[in-house]
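K.L.:
Sharing a structure with you now.
Protein chains in written order, with the working numbering: chain A, 941 to 1054; chain B, 600 to 707.
Dropping the structure here:
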């Protein structure tokens, strides 16, 4: 079974702090994704990566950056956290886009910025 | 107009009822994905389909590409089916469009 893990289930940070959210998958998937989910807005794509060191902006990349130094790990970075970044963050991975789009999700990190 | 619309937004039913959740869309797609999100936040992939029908246990998903419509059915619903169900459009190589979700509550 595919396993996608995220470093924290719950996180509380202060405004202006630098925040790292880590995601690890154990199935050698090429694609990895970061989403945020907010009430009434559904899931929105922040960034995705289709290979090591490769990244693409999603629909709402402002205020975020990402890092993919190893295939299994995709990090989401909030350079200077703000209260409007309080949200549920979900990581996902999938096989190569040429063969499968099915995404496997991690458990989510609920981030609160105070 | 949203590219994808799910209906209903909220659905409450009694245990044992047959459930239908709809997903209509207005764009060309290569496939459609149904996800289930439990109250704790975890998301599970239910189906990926590009034509016809798929069945897994009490769950059935259908898609009609010509009518741009997909349905998710649950037979003999159970309280553990209570979750948010999300349809996801897959366009091209990497574009994904998420529905708003349907919150299903099954009462015992």
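Think of the CB as a built atom: it goes at the ideal place given N, C-alpha and C, for glycine as much as any other residue. Bear in mind the structure is a predicted one, so any value in this text is a computation, not a measurement.
May I ask you to report which of helix, strand or coil DSSP gives residue 680(B)?
P.N.:
If DSSP states are grouped into helix, strand and coil, residue 680(B) belongs with the helices.
K.L.:
Residues of chain B with CB under 7 Å from residue 972(A), in chain order?
P.N.:
Going along chain B, no residue has its Cβ under 7 Å from residue 972(A), so there is no contact; the nearest lies around 12 Å.
K.L.:
What does DSSP give as the partner residues of residue 636(B) in its beta bridges?
P.N.:
DSSP lists 642(B) and 683(B) as partners of residue 636(B).
K.L.:
What does residue 695(B) reach in chain A if we use C-beta pairs closer than 7 Å?
P.N.:
Within 7 Å Cβ-Cβ: 985.
K.L.:
Here's a check: name, in chain order, each residue in its chain whose Cβ is nearer than 6 Å to the Cβ of residue 1028(A), leaving out the five neighbours to either side.
P.N.:
The residues are 977, 1048 and 1050.
K.L.:
Three or more beta-carbon pairs under 8 Å between the segment 644 to 659 of chain B and the segment 691 to 703 of chain B, yes or no?
P.N.:
Judged by Cβ distances under 8 Å, the segment 644 to 659 of chain B makes no contact with the segment 691 to 703 of chain B, as fewer than three pairs qualify.
K.L.:
In the DSSP assignment, the beta strand (DSSP E) including residue 1032(A) goes from what residue to what residue?
P.N.:
Where residue 1032(A) is concerned, the enclosing beta strand (DSSP E) stretches over 1027 to 1034.
K.L.:
What would DSSP say about residue 955(A), mapped onto helix, strand or coil?
P.N.:
Reduced to three states, the DSSP call for residue 955(A) is coil.
K.L.:
Hey, is residue 673(B)'s beta-carbon within less than 8 Å of any beta-carbon in chain A?
P.N.:
So, not an interface residue.
K.L.:
Over the uninterrupted beta strand (DSSP E) stretch that includes residue 611(B), give me the two end residues.
P.N.:
Element bounds for residue 611(B): 609 to 613.
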